[in-house]
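J.:
There are 2 protein chains.
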Amino acid sequence: MTGVFHTLGSPPPFSRSILFPPLLIPLPPHPPPPAPMATESTPHKPHVPFKALTIAGSDSGGGAGIQADLKTFTSLGTFGTSVLTSVTSQNTLKVDGIHPIPADFVAQQLEAVLSDIGTNAIKTGMLCNAEIIAAIAKTLRKFYPSTRPIPNLVVDPVMIASSGAALLDTAAIETLIQEILPLCHILTPNVPEAEYILSKAKLENPLFKAESSKIDSLEQMKFAAQDLARLGPSIVLLKGGHLPFYKKSGKVLPQELAEKIDDLSVKLEEEELELVDLIWDARTGTFTELRKEFLRTSSTHGTGCTLSAAIAANLAHGLKDLNAIIRGGNYVQSAIRDGLTVGQGKGCLNHFHHVVRRSIEKPTRFNPHPLTNHLLKACADDWSKYTHHKFVQGIADGTLPKESFIHYMKQDYLFLQTYARAHGLGAFKAKTMAESKAFADIVVHIATESKLHIDYCTKWGITYEEIINTPESMANVAYTRYVLDIGMTGDLLDLGLAIAPCLIGYGQIGNRLYNDPNTLKGDANPYWEWIKSYHGADYQAAVDRGIANLERQCNIQQPSAHRLKQLEDVFRTATRLEVSFWDMALHRL
Amino acid sequence: MTGVFHTLGSPPPFSRSILFPPLLIPLPPHPPPPAPMATESTPHKPHVPFKALTIAGSDSGGGAGIQADLKTFTSLGTFGTSVLTSVTSQNTLKVDGIHPIPADFVAQQLEAVLSDIGTNAIKTGMLCNAEIIAAIAKTLRKFYPSTRPIPNLVVDPVMIASSGAALLDTAAIETLIQEILPLCHILTPNVPEAEYILSKAKLENPLFKAESSKIDSLEQMKFAAQDLARLGPSIVLLKGGHLPFYKKSGKVLPQELAEKIDDLSVKLEEEELELVDLIWDARTGTFTELRKEFLRTSSTHGTGCTLSAAIAANLAHGLKDLNAIIRGGNYVQSAIRDGLTVGQGKGCLNHFHHVVRRSIEKPTRFNPHPLTNHLLKACADDWSKYTHHKFVQGIADGTLPKESFIHYMKQDYLFLQTYARAHGLGAFKAKTMAESKAFADIVVHIATESKLHIDYCTKWGITYEEIINTPESMANVAYTRYVLDIGMTGDLLDLGLAIAPCLIGYGQIGNRLYNDPNTLKGDANPYWEWIKSYHGADYQAAVDRGIANLERQCNIQQPSAHRLKQLEDVFRTATRLEVSFWDMALHRL
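Protein chains in written order, with our numbering: chain A, 23 to 611; chain B, 23 to 611.
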């Protein structure tokens, strides 16, 4: 037997290794896969995230302040840092205490962040008092002298609570106007804040024409936005949340109704209303009107904080100004639509409305094959039965009856015939020419190299006639037709997982038996060439490529938890069919 | 013409409405779809999220403290509230300032949160000083008298900085031991913290046997965990991050090497090492050892904060203790694997490592059909060409040439033959019997009701022979074979989107024409019955069911951004094929 075996020369006669030429399932060349949430990532080095800094107060209730900002940053895949100006004690009903942080300690925090971590964008929220505002401006000027622009400073001029109470005194507002607005890239006031700032700004030549500083029309919004830009910001986003318009007439909701917006029992026919956020870009002299549906809900605590944080996060990711604002607005609208009830008062936005969790973690240097590792763990029992099967043990110690091996080789040839068809199906379902070709290459390989399989069988005394007249065993029919069915009813990842247990398992078996001191090695083992073949560099490289392709497909598809269960089921079933194939071979069924 | 038309009785002769019996694409009855991240959600009411509270310090650098906690809560779909004990000025290199919050203001924040918002879990981190610790304990006792347990209090006894410096003085540690540990559900010390607490605890009858209070073996860890539990906690999670073991021998890494763990240039053969987190559940008297891979990286700032926050978030979601700890540990390991470089010093965990964003927002009361709305917006131009086609206008004002309508009706019959096959394909690809049956029902409907279609054509002077001998127009071949190809190569959502433009578009057209004052209505319009049919309650209900099913499929599949592009392409192409079908009909091509 041994003699018969080692008269065989190269190429290695074992057919499974030929199934996996370099591109098993190549990715479509375009469109490119979606970028991961933070770029600059490689699997080999901790990556540098996009960073955003919030300078604001703490809201113990979690709906606004730095809490809303950090939640927004995190949801948008941005690393958040924070400089606290004050700590508030509040819940959904009231703010019952404010503890201002000493101005020099605010500056110290800012210095700590900017001197080491840096940032791609900054947003400011509640700045507490004039001294703190001056300290922030001074520190910003220190780190960003006139030659070096502040990265994307978004200023949310928080100064009036929902209740109408002023959160900044006159001195603070004047300091904000004098010290911060000249540094500001995007200013995001709502209508009352815009009115308030302009009433204090004492513009010498104001465009703002409203009587008694009232903004109560789209035209007035335009004048106000232009005037605000004259205080420093490149862009003013004047938020129209307090000023619903009738869609048809373009008129604002009458004052007496506007005052009742928060009373949900008052009928408003909100579907006839819309909001307009107005963007004035002073650099290009252009207005952009963002029309938004009027969402009548009380879950709006933290809307302003969240919007400015989302804009800052988007800018940190490199989005252009208008795009950052539009996407920020969409994020907030979705967060309001999916709003939360958290206490007895006003509800909050749902900051994680759009967050779903990966069912399979990102590939990293520590775990480059998370899908494969997950599947091997999820199917550990069946996997062990397959890779440590008695047939395999017989191969290892050379005790496998020759008849069993011959039975196996015959069925394996028939197996390959259908396996070739499965790859033909892959070529049919492929979305690109390159992908089709990769599958077709495998079919061609199988067809060509199957001649070597025949040659090899001949050495074992098996004739071609005998092989092709052998009826397919039930285990063979079950396995191959299952793969075909998965290929027909599922997608290419399903198909990839149906063929993966064969690919990966033979690779593991080859490696293990080759290295195991208990394996009977060399001429003494009639199956030594078989072991060497699957341990060989060619086959192992094919395994690596196959795994890499499955991982890339998975990383693009980002299967939901529900979908992952389906994928596990395919992998587990194909693994069980491998066990059954060994059973069949061993017992010559 | 009109005469011919209105002699037709019911049932409505138009065939497309029969394509959509109640279950177009029913969901498989099990397994149930994955739950949304927060439960208690209905599309009609702002939902109550799972809530977790952190009581800790602020880390301006964003990697630890309440920042790490809020990032963790958010990533795990938990609404975070926070009580600040102190504000630190720090970055990745150093802590250069600590501003303690007055103890009564800490208590005030805690009262604000607990009196209104409440919480499903609490974690404590850096508690700053004895006065603050006492104030927290007092407030917790006030809200949770002995008859009402504190919900899931996880105590991370932050007391030693990475540098080894003590963050709590002796008085604070003694207060923590006396006031907080008796209230604690899960205590999560690392080895140095465990040693430190036990050295201060003055247990009368300590199990802890290490010489000079050193924990340097798994056995000592077990003694220490038991001793710590005697101070109050139900469960002690003693973290072994500082105590790597050799996998084979079970011995700890020698002291001289352990001290160099952070120096990545020193070779350690880390693959031979593992960590053990030890869980002691004093209620059941059981140990659980969690063996973890040893990840050698410097991106570990905030690990302890993050783990206790993740455990609290998991408990808030209702997970059982052991499961909450294990999953919390997995979250942290993944966050370390995907660690970040954020400054010049120690890197941070990536808290959003597993976060992917929904490409389609969650259905809400404001937007119950986000997929459909997205597709209609993404394909707006083609959609308008389809639903406002000249053929449709001719139907509306009755000016469509009879010959065009007849041509249309003949091709529509042929269309239905292949449409039936497309549903047969759906029955083949279905994953459950119920799903198969729903598709098969549609095939049966089409076959049965096609007789009515023939009858209707007869009234227009078209014979059955004429219909079946009509060659399929190119537009018809293109449309129907495209649908079949998508059905064969894609999944059921692809198939659903290939047939959706027909379903939804005819519904929109029917509604618009019926309500449009410019439509020629009644007997004066030969096509009035056609309009009425698609405006009819039966057809509109079928549209509603079809849309609802697509939305549910989408909500389960949670398509990645890449996958959504594919889905858009299917919907857009089928829409363009509808345009081409009208062109064909109008010009009798």
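Cβ coordinates follow ideal geometry from the N, Cα and C atoms, glycine included. Quick caveat, the model's predicted, so the values are computed rather than measured.
(1) Using only the alpha-carbon positions, how far apart do I569(B) and A563(B) sit?
(2) Answer yes or no: does any C-beta atom of chain B fall closer than 9 angstroms to that of P612(A)?
(3) Grouping DSSP H, G and I as helix and E and B as strand, with all else coil, what is C370(B)?
(4) Where L286(B) and H410(A) are concerned, what is the direct C-alpha to C-alpha distance, given to the nearest angstrom?
(5) With distance defined between alpha-carbon atoms, name the residue in F374(B), G367(B), D513(B) and T470(B) nearest to A332(B).
(6) For the region 354-375 of chain A, which residues have a beta carbon sitting closer than 9 angstroms to at least one beta carbon of chain B?
(7) Taking buried to mean at least 16 other C-beta atoms within 10 Å of its own C-beta, is R598(A) buried or exposed?
(8) I'd like the list of long-range same chain contacts for E294(A), defined as Cβ closer than 8 angstroms, with 5 residues on each side in sequence excluded.
(9) Is it the case that the region 84-102 of chain B contacts the region 316-327 of chain B, given that we only count it when at least three CB pairs across the two stretches are under 8 angstroms?
(10) If S330(A) and D178(A) are in contact, beta carbons under 8 angstroms, what's the gap, nearest whole angstrom?
(11) According to DSSP, simplified to helix, strand and coil, what is L611(A)?
(12) Going by DSSP in three states, Q112(B) sits in which element: helix, strand or coil?
(13) Can you list, in chain order, the residues of its chain with a C-beta nearer than 6 angstroms to that of T440(A)? Leave out the 5 residues immediately preceding and following it.
(14) Does the CB of T328(A) have a neighbour CB from chain B at under 9 angstroms?
(15) Which residues in chain B have a C-beta closer than 7 angstroms to the C-beta of I139(A)? List them in chain order.
(16) Mind listing which residues of the region 552-578 of chain B have their C-beta closer than 8 angstroms to chain A's C-betas, in chain order?
(17) Helix, strand or coil: how does DSSP classify F267(B) here?
(18) Using a Cβ-Cβ cut-off of 7 angstroms (strictly less than) and excluding sequence neighbours within five positions of I155(A), which residues of its own chain qualify?
(19) Suppose you measure from the CA of A596(B) to the CA of D238(A); what does that come to, to the nearest Å?
(20) Nearest by alpha-carbon distance to V378(A): which of A74(B), K93(B) and L98(B) is it?
(21) Which two residues bound the contiguous alpha helix (DSSP H) that contains V466(B)?
(22) Are the Cβ atoms of A444(B) and K459(B) separated by less than 9 angstroms?
(23) Excluding five sequence neighbours on each side, which residues of the same chain lie with their C-beta closer than 8 angstroms to the C-beta of V298(A)?
(24) Alpha carbon to alpha carbon, how far is V565(B) from R387(B)? Give it in angstroms, no decimals.
(25) Going by the beta-carbon positions, is the gap between E590(B) and C370(B) smaller than 9 angstroms?
(26) Does the beta-carbon of V288(A) have 16 or more other beta-carbons within 10 angstroms, so that it is buried, or is it exposed?
(27) By how many angstroms is the C-alpha of K93(A) removed from the C-alpha of R625(A)?
(28) Which chain A residues sit within Cβ distance under 9 angstroms of R379(B)?
(29) Can you list, in chain order, the residues of its chain with a C-beta nearer than 6 angstroms to that of Y353(A)? Leave out the 5 residues immediately preceding and following it.
(30) Tell me the DSSP secondary structure of L312(B) in three-state form.
(31) For K289(A), which residues in chain E fall below 7 angstroms Cβ to Cβ?
(32) Go through the region 215-294 of chain B residue by residue and report every complete run of the alpha helix (DSSP H) that reaches 4 residues or more, in order.
(33) With 9 angstroms as the threshold, decide whether the Cβ of A121(B) is near any Cβ in chain A.
(34) Quick one: which unbroken alpha helix (DSSP H) runs of 4-plus residues sit fully inside the region 84-109 of chain B? Chain order, please.
(35) Taking the Cβ atom as the reference point for each residue, do T394(B) and E573(B) lie within a distance shorter than 9 angstroms?
(36) Contact defined as beta carbons within less than 8 angstroms: I believe V364(A) pairs with F95(B). What is the distance between those atoms, to the nearest angstrom?
T.: To lay it out plainly:
(1) 10 angstroms
(2) There is simply no residue 612(A) to check, as chain A begins at 23 and stops at 611 in what is shown.
(3) strand
(4) 38 angstroms
(5) Nearest C-alpha to A332(B): F374(B).
(6) Q355, S356, I358, R359, D360, G361, L362, T363, V364, G365, Q366, G367, G369, C370, N372, H373, F374 and H375
(7) buried
(8) Y268, K269 and K270
(9) yes
(10) Rounded, the Cβ-Cβ distance is 4 angstroms, consistent with contact.
(11) L611(A): coil per DSSP, three-state reduction.
(12) strand
(13) T502
(14) no
(15) G83, N113, T114, V364 and G365
(16) I578
(17) strand
(18) L149, A194, T197, L198, E201 and I202
(19) 46 angstroms
(20) Considering only alpha carbons, the answer is L98(B).
(21) M455 to K481
(22) no
(23) L240, M243, G262, L265, F267, E311, L312, R313 and K314
(24) 19 angstroms
(25) no
(26) exposed
(27) The requested residue 625(A) does not occur in the structure, where chain A is confined to residues 23 to 611.
(28) M59, S97, L98, G99, H376, V377 and V378
(29) A332
(30) strand
(31) No chain E appears in this structure, whose protein chains are A and B.
(32) 240-251 and 277-280
(33) The sequence shown places His at residue 121(B), rather than the Ala named in the question. Closer than 9 angstroms: yes.
(34) 87-97
(35) yes
(36) Actually they do not touch by this definition, with Cβ atoms about 13 angstroms apart.
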